[in-house]
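Here's the structure we're looking at; comments come further down.
There are 2 protein chains.
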Amino acid sequence: MSVKTGKRGRPSQLSAERIVECAKAMQVKTGKIPSIRALSAELEVDPMAIYHYFRNKSALLEAVCLSLIEAIHNPQGEDWRAEIVALSQSYLTLLSTHPGLLETLLSMTGTGPAQVFIERYERALRPLVLPQETLNQSRDLLVDYLHGYALAMQGSQGALTIELLDGPLSFWMRALEREAAEA
Amino acid sequence: MSVKTGKRGRPSQLSAERIVECAKAMQVKTGKIPSIRALSAELEVDPMAIYHYFRNKSALLEAVCLSLIEAIHNPQGEDWRAEIVALSQSYLTLLSTHPGLLETLLSMTGTGPAQVFIERYERALRPLVLPQETLNQSRDLLVDYLHGYALAMQGSQGALTIELLDGPLSFWMRALEREAAEA
DNA sequence: TTTAAAAACTCTACGGCGTAGAATAATTCG
DNA sequence: CGAATTATTCTACGCCGTAGAGTTTTTAAA
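If you read the sequences in order, they're chains A and X.
Counting from 149, one number per residue, gives the positions in the first sequence under the numbering used here.
Counting from 149, one number per residue, gives the positions in the second sequence under the numbering used here.
Here it is in structure tokens:
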């Protein structure tokens, strides 16, 4: 945690980044979150060394989550459908590539991936004129749908694919479109 | 597991039902799934006794899930909106009353709560004339939304309520209504 | 009445987990 | 050289699920 960057003291072979990257790599490779012991073995270090950089395992997992944010599509254009599809797909890909992080992600209070998704969702829908309430309702529906589907994907190993997002998502977009047409 | 009901052998103080009921009660009380050790302590029995009735812990949790099915609303009427609301609310209540069972539930292949929800969903929407594809899309959207929201509820301890289901659900129902009007 | 079979349950133990707390190692500054 | 500072390791505790062998309690056959 509080790692001083001054030159005094024993030099470090480890770093928060190295730990996070290693944890991420192991998770992608094995499909599940590594134990602290397995992680430290991979880093060729004592398990307790991890705790010099992270308060506890949960703090480490939050750091992993934060490092994933950059993989979320950042909408810039005015084609809201295309942006929503790209946004949803990138988010779902992220979630399904890193199973087991969902709980951590949802318990994060600050600027986690979920929060970032919501911000970019709102940016993507800027071209649409809609009452705030409708915007909120559709947002909650979409966000929690994605979380739920990601959970289902990790439950039924491999049977579900990212492509199956398309159907429900197009239903959702039609709905939004009609709401906009009415306003 | 394979519990013979014949009269031979030592009589049993335990039963699969008693174990399941106790596990359920402890889970509702503490908000999390009990360990086998804690469960067996409550039952005043050796931990390994549980394994006479269940192959492993996961099988026990599946049994708990099965016992929850009866709490799911069973639509009989023709007012599809009312039925969907009741169905969704009962399902979400179930999920939020029994946190930690979501993963088990989603990994169940046979007739689990999720499967039953889907059957009753289809029954509820019988009055509506809709293409099968639309029916599937909206179903997946709703089911996974509910799972995602349940997960969010258990993540952010107590901050989210069942009432917050109303907004997204009404958006979803408006969408379905418009799809039906168009057909 | 003894005995064997059967069923229900207990005992002991293993290997895993997260992590607390004390000890040690390696560096820099006075 | 010694003291301070930082990084890392060592040892140990209390959880967890559960394998495998042993024990208790019953019924049915000999």
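Even glycine gets a Cβ: it sits at the ideal position worked out from N, Cα and C.
Because the structure is a prediction, the values reported are computed rather than measured.
For this session: Kindly give me the distance between the Cβ atoms of P195 of chain X and I181 of chain X, rounded to whole angstroms, as I take these residues to be in contact under 8 Å.
Result: Between I181 of chain X and P195 of chain X the Cβ distance is about 15 Å, and since that is not below 8 Å, they are no contact.
Exercise. Would you call the stretch 306–317 of chain A and the stretch 211–218 of chain A in contact, with 3 or more CB pairs under 8 Å?
Worked result: As far as the Cβ criterion goes, the stretch 306–317 of chain A does not touch the stretch 211–218 of chain A, which means the pair count is below three.
Exercise. How would you list, in chain order, the residues of chain X whose beta-carbon sits under 7 Å from the beta-carbon of Y293 of chain A?
Worked result: Chain-order list of chain X residues neighbouring Y293 of chain A: L289, D292, Y293, G296, by C-beta distance under 7 Å.
For this session: Check whether the Cβ of G179 of chain X lies closer than 7 Å to any Cβ atom in chain A.
Result: no
For this session: Could you list which residues in chain A have their beta carbon closer than 8 Å to that of T282 of chain X, in chain order?
Result: Those within 8 Å of T282 of chain X in chain A are F319.
Exercise. Considering only residues of the same chain and omitting the five flanking positions on each side of V212 of chain A, which have a CB-CB separation below 7 Å?
Worked result: V168, A171, K172, L249
Problem set entry | Distance, R271 of chain A Cα to R203 of chain A Cα | C-alpha separation (whole angstroms): 35 Å.
Exercise. Looking at A164 of chain A and Y201 of chain A, is the spacing between their C-beta atoms short of 7 Å?
Worked result: yes
Problem set entry | Cross-chain neighbours of P261 of chain A in chain X, by beta carbon under 7 Å | What P261 of chain A touches in chain X: nothing, since even the nearest Cβ is about 13 Å away.
Exercise. Under a CB-based cut-off of 7 Å, is Q237 of chain X close to chain A?
Worked result: Nearest CB-CB separation between Q237 of chain X and chain A: not below the 7 Å threshold.
Exercise. Is DSSP giving E313 of chain X helix, strand or coil here?
Worked result: A quick correction: the sequence has Leu, not Glu, at residue 313 of chain X. In the structure shown, L313 of chain X sits in a helix (DSSP, three-state: H, G or I).
For this session: Return the residue from the list X:W228, X:A197, X:R322 that minimises the CA-CA distance to R274 of chain X.
Result: X:W228
For this session: Work out the CA separation of R158 of chain A and L253 of chain X for me, nearest whole Å.
Result: 50 Å
For this session: Could you tell me which of X:E267, X:L290, X:L278, X:S206 sits nearest to L240 of chain X, measuring between CA atoms?
Result: X:L290
For this session: Assuming L276 of chain X contacts P261 of chain X (C-beta within less than 8 Å), just tell me the rounded distance between them.
Result: The Cβ separation is near 23 Å, so there is no contact.
Exercise. Taking Cβ-Cβ distances shorter than 8 Å, what residues in chain A pair up with P316 of chain X?
Worked result: Q285, S286, D288, L289, D292
For this session: Measure the C-alpha to C-alpha separation of Q285 of chain X and L308 of chain A and round it to an integer number of angstroms.
Result: 15 Å
Problem set entry | Contact list for S255 of chain X against chain A, beta-carbon separation under 8 Å | G303, S304
For this session: Kindly list the residues whose CB is nearer than 8 Å to the CB of A300 of chain A, restricted to its own chain and excluding five residues on each side of it in sequence; keep chain order.
Result: L308
Problem set entry | Same chain, Cβ closer than 7 Å to K205 of chain X, five either side skipped, listed in chain order | I184
Exercise. Within the 7 Å Cβ cut-off, does L249 of chain X reach chain A?
Worked result: no
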